[in-house]
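A.B. asks: Below is a structure I'd like to ask you about.
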Amino acid sequence: MRVSRSTTVVWTIIAIGCASASRTAQAPASAARAPLGARLTADAPTGAPVPLRIDPNARVVRSLVPNLPAATYWPAQADRGERVFNGTCAACHARAQFIGQTFVDAWNDRRVSDFYTLIRSTMPVNDPGSLKDEEYLAVVSYLLKANHAAAGTDSLAADSGTVRGRRIAVKAP
Ligand code: HEC
Numbered sequence: 002m003r004v005s006r007s008t009t010v011v012w013t014i015i016a017i018g019c020a021s022a023s024r025t026a027q028a029p030a031s032a033a034r035a036p037l038g039a040r041l042t043a044d045a046p047t048g049a050p051v052p053l054r055i056d057p058n059a060r061v062v063r064s065l066v067p068n069l070p071a072a073t074y075w076p077a078q079a080d081r082g083e084r085v086f087n088g089t090c091a092a093c094h095a096r097a098q099f100i101g102q103t104f105v106d107a108w109n110d111r112r113v114s115d116f117y118t119l120i121r122s123t124m125p126v127n128d129p130g131s132l133k134d135e136e137y138l139a140v141v142s143y144l145l146k147a148n149h150a151a152a153g154t155d156s157l158a159a160d161s162g163t164v165r166g167r168r169i170a171v172k173a174p
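97 is the number that the numbering used here gives to position 96 of the sequence shown; each next residue is one higher, with no gaps.
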């Protein structure tokens, strides 16, 4: 018997239709996994929306540079930095957070510029980058002093050897 071309097409369409209908009705048994199409329901327990600007679990690799000379602080710059720290940073941070063993463990043998870049681009958390470069540099200088770096005669300057070519080498009291 001769089956017309249009009949074949009709049967093919019905077959496909049945296959997809049964796939929707039951859990798919085939190897190809259907997309989950996941959506949050209205009462999903997600809590308040969290701003993405700061991820407390994010970790940045900051290379160790143990061969660079140790950074020193310049007293006048450090004094200015202490005023900036007290006027801005202390609103959210206890001094003990950045002065002592925690700071030593986190930052020793890292480039001064890595620390400077971090605070300049992320702090204060409510208005990152809002201070002048010199104010961020002064805070770095103050933290070097407060963590018992040696005093020196150079002030820290952005994009200079004093921040790029020196490492943090401090100690806890
Ligand atoms: C409005 C509050 C606020 C102010 C002001 C603020 N910070 Fe922060 N700072 C935070 C919060 C919150 C975190 C924790 C975010 C995180 O862990 O990523 C943080 C984290 C940090 C860190 C740790 C970052 C790391 O990855 O280890 C440093 C260093 C820091 N602040 C320095 C400063 C300095 C220096 C100032 C002043 C110029 C300052 N902060 C001002 C809220 C503030």
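Every residue gets a Cβ at the ideal spot worked out from N, C-alpha and C, and that includes glycine.
Taking 6 Å as the limit between beta carbons, can you name the residues of its chain near Gln78, skipping five residues before and five after?
C.D. replies: The residues are Ala139, Ser142, Ser156.
A.B. asks: Using DSSP bridges, identify the partner residues of Arg84.
C.D. replies: DSSP output for Arg84 lists no bridge partner at all.
A.B. asks: Apart from the five residues on each side of it in sequence, which residues of its chain come closer than 7 Å, Cβ to Cβ, to Asp160?
C.D. replies: Excluding residues within five positions, none has a Cβ falling inside 7 Å.
A.B. asks: Pull up the distance between the alpha-carbon of Asp44 and that of Ser131, whole angstroms please.
C.D. replies: Approximately 38 Å, taken between the alpha carbons.
A.B. asks: Say yes only if the C-beta of Asp149 is nearer than 7 Å to one or more non-hydrogen atoms of ligand 1, and no if none qualify.
C.D. replies: Correcting the residue type first, residue 149 is His in the shown sequence and not Asp. Every heavy atom of ligand 1 is 7 Å or more from the Cβ of His149, so no.
A.B. asks: Return the chain-ordered list of same chain residues with a C-beta closer than 8 Å to the C-beta of Lys172, the five sequence neighbours on each side being excluded.
C.D. replies: Around Lys172: Val105, Asn148, His149.
A.B. asks: Given that a residue counts as buried once 16 or more other Cβ atoms are within 10 Å of its Cβ, and exposed if not, what is Leu65?
C.D. replies: Leu65 should be labelled exposed.
A.B. asks: Among residues of its own chain, excluding the 5 on either side of Leu144, which ones have a beta-carbon nearer than 6 Å to its beta-carbon?
C.D. replies: So the list reads Phe99, once near-sequence residues are dropped.
A.B. asks: For Thr9, which residues in the same chain have their Cβ closer than 7 Å to its Cβ, ignoring the five residues on either side in sequence?
C.D. replies: The pLDDT assigned to Thr9 is 45, lower than 50, so where the model puts this residue is not dependable, and the model offers no usable value.
A.B. asks: Do Pro67 and Arg167 have their C-beta atoms within less than 8 Å of each other?
C.D. replies: Contact: no.
A.B. asks: On the three-pair Cβ rule with 8 Å, is the stretch 122-131 touching the stretch 83-102?
C.D. replies: Touching, yes, given that three or more Cβ pairs across the two stretches are closer than 8 Å.
A.B. asks: Would you tell me roughly how many angstroms separate the C-alpha atoms of Ala97 and Trp75, rounded to the nearest one?
C.D. replies: Answer to the nearest angstrom: the Cα atoms are 22 Å apart.
A.B. asks: Using DSSP with H/G/I as helix, E/B as strand and the rest coil, what is Leu138?
C.D. replies: DSSP places Leu138 in helix when its eight states are reduced to three.
A.B. asks: Quick one: is Arg84 buried, meaning 16 or more other Cβ sit within 10 Å of its Cβ, or exposed?
C.D. replies: So Arg84 counts as exposed.
A.B. asks: Please determine, among Pro70, Arg63, Phe86, the residue with the shortest C-alpha to C-alpha distance to Lys133.
C.D. replies: Minimum Cα distance to Lys133 is reached at Phe86.
A.B. asks: DSSP on Arg96, reduced to helix/strand/coil?
C.D. replies: Arg96 falls in the helix class under three-state DSSP.
A.B. asks: Counting C-beta neighbours from all protein chains within 10 Å, is the total for Ala72 16 or more, i.e. buried, or is it exposed?
C.D. replies: Buried is the call here.
A.B. asks: Looking only at its chain, what residues have a beta carbon closer than 7 Å to the beta carbon of Ala28, apart from the 5 residues adjacent to it on each side?
C.D. replies: Low local confidence applies: a pLDDT of 49 at Ala28 is under 50, so the model's placement there is unreliable, with the coordinate-based value given in what follows. Excluding positions up to five away in sequence, the list is empty.
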